[in-house]
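> Mind looking over this structure? Questions follow.
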Amino acid sequence: MKGSKLRLGLGLHMAALMMAGGVLLHAPTAEAKFIAVSVSAEDNFRNILSSHIEAAVDARNDQVYIDSAEDDFDLQLQQVKNYIAAGADAIIIFATGTTEKNRQLFEFAKQVPLVFINTEPVEDMSTMPANTVYVGSNELESGTLEMEELARLANYKGNVALLQGDPTHKAAVLRTKDVEDVVAKYPNMKIVVKETGHWARNEAYKIVSDWLKKGTSFDILAANNDEMAIGSIMAMRDSGKDPKKFLVGGVDATRDALLEMSKGDLAVTVLQDAENQGKDAVDIAYKLINRQKVKNPHWVPFRLVTKENYRQLIKE
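In mature numbering (1 follows the signal peptide of the UniProt record, and there is no 0), the protein residues as written are -32 to -1, 1 to 284.
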């Protein structure tokens, strides 16, 4: 049987559609496994990550079901309950709640393995119970790699503009702190403006357009992700500015970001390895299903991407 992905936009109705008379529709064979995925919300990076999870399950000829929780913890909680009722062998979760709320999900680890991915579910992952693992990349590396390279390219001087992702997202908090800590090391560098763009290209576009309209002076723009970096570059172009006159950095090394790098408009990005995060999350889910011991957390390293090595990623 070829593995298959099921998608549904209305998570609360998932159980009714997946089950009829107590039987799972499109159910895997007795030998196959069923991996369910609850994505916190859809965006470019999480969609890429989901596609790699799907591919890793498909490679095993098993079944995967992926649904968005639409940034609603109550909906995610209901999805997990429905997945268990539908017979999921393991659940991969992009956590959307606070630490306190996410702890409610841990109770389900008594019934089914839970693999958390992309967003750390709790501050102290040593408190996660048995049958749960976090898969991600250590955010202490991401913003640090980005800003250190931007600083080097700027000869360790200049005004820095900073775009933060969702301020409730731990990755945004840590990436922002990484940038601030690097800038603080160098006497001839300073952060002159900082705003929250919520990871979004269109929000970054509006923010940077406003900065340029007001005449805010900056040489370097460090964004918490590539989508905001791209929005910034678009704003520069539409404001009559040459992006090449700035040093722009992001995180994720998405295809769109690599395209901007090929044009010479994006100076730096950092690969958050979606392919290996997705693959490793699935591998760990199967290990937990088979009651194998797995170290928690499981880190997938970040990689610095510049004009010297970006072509390698395009080939990959």
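Glycine included, C-beta positions come from ideal geometry on N, C-alpha and C.
Model, not experiment: these values are computed from the prediction.
(1) Could you check which residue in 79, 210, 195, 92 has the C-alpha nearest to that of residue 187?
(2) Taking DSSP as the reference, what is the three-state secondary structure of residue 276?
(3) Ordered along the chain, which non-local residues of its own chain (more than five positions away) have a Cβ less than 7 Å from that of residue 247?
(4) Cβ atoms of residue 101 and residue 262: under 8 Å apart, would you say?
(5) Check the DSSP bridge columns for residue 285 and list the partner residues they point to.
(6) State buried or exposed for residue 72, treating a residue as buried only when at least 16 other CB atoms are found within 10 Å of its CB.
(7) Just how far apart, CA to CA, sit residue 164 and residue 173?
(8) Could you round the C-beta distance between residue 110 and residue 219 to whole angstroms and report it? I think they count as a contact, below 8 Å.
(9) Could you name the residues that DSSP lists as bridge partners for residue 102?
(10) Taking the beta strand (DSSP E) that residue 46 belongs to, which residues open and close that run?
(11) Since residue 265 and residue 93 should fall inside the 8 Å C-beta cutoff, what is the C-beta to C-beta distance between them, to a whole number of angstroms?
(12) Do residue -1 and residue 26 count as a contact pair if the criterion is CB distance below 8 Å?
(13) Our contact map puts residue 159 next to residue 171 with C-beta atoms below 8 Å; I'd like the distance itself, whole angstroms only.
(14) Residue 59: buried (16+ other C-beta within 10 angstroms of its C-beta) or exposed?
(15) Let me know the secondary structure DSSP gives residue 217 once reduced to three states.
(16) Compute the beta-carbon to beta-carbon distance between residue 190 and residue 142, rounded to the nearest angstrom, for a pair I have assumed lies under 8 Å.
(17) When you compare only the Cα positions, how much space is there between residue 177 and residue 166?
(18) Are the stretch 126 to 140 and the stretch 223 to 237 in contact at 8 Å, needing three or more beta carbon pairs?
(19) Just the Cα atoms here: how many angstroms apart are residue 268 and residue 104?
(20) Could you compute how far the alpha carbon of residue 65 sits from the alpha carbon of residue 35?
(21) Distance check for residue 229 and residue 275, CA to CA, integer angstroms please.
(22) Could you give the DSSP three-state label for residue 164: helix, strand or coil?
(23) Give the secondary structure of residue 266 by DSSP, where H, G and I count as helix, E and B as strand, and everything else as coil.
(24) Which runs of the alpha helix (DSSP H) spanning at least 4 residues fall entirely within the stretch 124 to 206, listed in chain order?
(25) So, with DSSP's three-state summary, where would you put residue 58?
(26) May I ask you to report which of helix, strand or coil DSSP gives residue 250?
(27) Quick check: what's the CA-CA separation for residue 68 versus residue 90?
(28) Do residue 192 and residue 133 have their C-beta atoms within less than 8 Å of each other?
(29) So the beta strand (DSSP E) residue 238 belongs to, where does it begin and stop?
(30) Quickly, what does DSSP pair residue 271 with across the bridge? List them, please.
(31) Got a sec, what are the start and stop residues for the alpha helix (DSSP H) residue 111 sits in?
(32) For residue 280, which residues from the same chain have a beta carbon less than 8 Å from its beta carbon, with the 5 sequence-adjacent residues on both sides left out?
(33) Counting C-beta neighbours from all protein chains within 10 Å, is the total for residue 120 16 or more, i.e. buried, or is it exposed?
So, from the listed chains and residues:
(1) The shortest C-alpha separation from residue 187 is found at 210.
(2) Here residue 276 sits in coil by DSSP.
(3) Taken in chain order, the residues that qualify are 20, 24.
(4) Yes. Within cutoff.
(5) In the structure displayed, the chain extends from -32 to 284; residue 285 sits before or after that span and is not available.
(6) With fewer than 16 other beta carbons inside 10 angstroms of its own, residue 72 counts as exposed.
(7) The alpha-carbon atoms of residue 164 and residue 173 are separated by roughly 12 Å.
(8) Rounded, the Cβ-Cβ distance is 5 Å, consistent with contact.
(9) Per the DSSP secondary-structure output, residue 102 pairs in a beta bridge with 84.
(10) Here residue 46 belongs to no beta strand (DSSP E); instead the alpha helix (DSSP H) covers 41 to 53.
(11) The beta carbons of residue 265 and residue 93 sit about 5 Å from each other, so the pair counts as a contact at 8 Å.
(12) Contact check for residue 26 against residue -1 fails: the beta carbons are separated by 8 Å or more.
(13) Contact between residue 159 and residue 171 is ruled out by a C-beta separation of about 19 Å, above the 8 Å threshold.
(14) The residue is buried, with at least 16 neighbouring Cβ atoms inside 10 Å.
(15) In the structure shown, residue 217 sits in a strand (DSSP, three-state: E or B).
(16) Approximately 13 Å separates the beta-carbon atoms of residue 190 and residue 142; this is outside 8 Å, ruling out the contact.
(17) Between residue 177 and residue 166, the alpha-carbon positions lie close to 16 Å from each other.
(18) Judged by Cβ distances under 8 Å, the stretch 126 to 140 makes no contact with the stretch 223 to 237, as fewer than three pairs qualify.
(19) One alpha carbon belongs to residue 268, the other to residue 104, and they sit about 6 Å apart.
(20) Spanning the two alpha carbons is a distance of roughly 16 Å.
(21) The straight-line gap from Cα to Cα measures roughly 7 Å.
(22) Strand.
(23) Strand at residue 266.
(24) With a minimum length of 4 residues, the continuous alpha helix (DSSP H) runs that stay inside the stretch 124 to 206 are 138 to 153, 169 to 182, 194 to 206.
(25) Looking at residue 58 - three-state DSSP - the assignment turns out to be strand.
(26) Looking at residue 250 - three-state DSSP - the assignment turns out to be helix.
(27) As the crow flies, the alpha-carbon of residue 68 is around 8 Å from that of residue 90.
(28) Cβ atoms of residue 192 and residue 133: closer than 8 Å.
(29) Counting along the chain, residue 238 sits inside the beta strand (DSSP E) bounded by residues 237 to 239.
(30) DSSP lists 239 as partners of residue 271.
(31) That run of the alpha helix (DSSP H) goes 107 to 121.
(32) Nothing meets the Cβ criterion.
(33) Its Cβ having fewer than 16 others within 10 Å, residue 120 is exposed.
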